[in-house]
Amino acid sequence: MKYHIVTIWLLEAPIEVVYETISQSMNWPQWWGNVKQVENLESGDANGIGNIRRYTWQGFLPYQLRFDICVTRLEPLIFIEGIASGDLEGIGCWSFSYDKNITVVNYTWHVHTTSFWMNLLELFAYPLIKWNHNLVMRKGGEALAQKLNARLVCVTHRT
Numbered sequence: 021m022k023y024h025i026v027t028i029w030l031l032e033a034p035i036e037v038v039y040e041t042i043s044q045s046m047n048w049p050q051w052w053g054n055v056k057q058v059e060n061l062e063s064g065d066a067n068g069i070g071n072i073r074r075y076t077w078q079g080f081l082p083y084q085l086r087f088d089i090c091v092t093r094l095e096p097l098i099f100i101e102g103i104a105s106g107d108l109e110g111i112g113c114w115s116f117s118y119d120k121n122i123t124v125v126n127y128t129w130h131v132h133t134t135s136f137w138m139n140l141l142e143l144f145a146y147p148l149i150k151w152n153h154n155l156v157m158r159k160g161g162e163a164l165a166q167k168l169n170a171r172l173v174c175v176t177h178r179t
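In this note's numbering, the protein residues as written are 21 to 179.
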């Protein structure tokens, strides 16, 4: 099953702090409860291109997802893009902008699941899986705001 999901967080926080916190994904398990583990597999070049990390996620449904992200494009304070492989395959991109004391964080996820059981489950539970993803992302925005002692103004999702 293919997914195209966009999550947007609006935070009252400086873009530099928001970008730095998101770009340091090794630290996500410390503040984002749904991220169970992040392992550094490859460091990449001096700019972070080619960096590969393995992420283990636990949403609100009784399964975990494990996938690797290889950073393919990165422009500090503007975007981080990577290719996913593992339980999910595709492309994810964080983009950042700032306007009137609000940092806009846009996460776009173009992926498909790879395991037989997940593809079978999706035939029956697609809305539940989208709900799970959206809740994980909402909790991430709330956790980021709490970590930064900032206000999360809004969270929106588009599919």
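Every residue gets a Cβ at the ideal spot worked out from N, C-alpha and C, and that includes glycine.
Values in this document were obtained by computation on a predicted structure and should not be read as measured data.
Buried or exposed: where does residue i fall if 16 or more other Cβ atoms within 10 Å of its Cβ makes it buried?
{"i": "residue 39", "result": "buried"}
{"i": "residue 88", "result": "buried"}
{"i": "residue 66", "result": "exposed"}
{"i": "residue 176", "result": "exposed"}
From residue i to residue j, what does the alpha carbon distance come to, in whole angstroms?
{"i": "residue 146", "j": "residue 25", "result": "13 Å"}
{"i": "residue 162", "j": "residue 172", "result": "6 Å"}
{"i": "residue 36", "j": "residue 97", "result": "7 Å"}
{"i": "residue 10", "j": "residue 86", "result": "Beyond the ends of the chain as shown, which are 21 and 179, falls residue 10; an answer cannot be given."}
{"i": "residue 106", "j": "residue 133", "result": "8 Å"}
{"i": "residue 154", "j": "residue 103", "result": "20 Å"}
{"i": "residue 114", "j": "residue 80", "result": "23 Å"}
What is the C-beta distance between residue i and residue j, in whole angstroms, given that I count them as a contact (C-beta under 8 Å)?
{"i": "residue 69", "j": "residue 94", "result": "6 Å"}
{"i": "residue 29", "j": "residue 156", "result": "That pair is no contact at about 13 Å."}
{"i": "residue 99", "j": "residue 116", "result": "7 Å"}
Are the CB atoms of residue i and residue j nearer to each other than 8 Å?
{"i": "residue 55", "j": "residue 75", "result": "yes"}
{"i": "residue 27", "j": "residue 164", "result": "no"}
{"i": "residue 131", "j": "residue 110", "result": "yes"}
{"i": "residue 167", "j": "residue 51", "result": "yes"}
{"i": "residue 49", "j": "residue 123", "result": "no"}
Let me check one thing: in DSSP terms, what residues is residue i bridge-paired to?
{"i": "residue 88", "result": "74, 105"}
{"i": "residue 119", "result": "122"}
{"i": "residue 57", "result": "76"}
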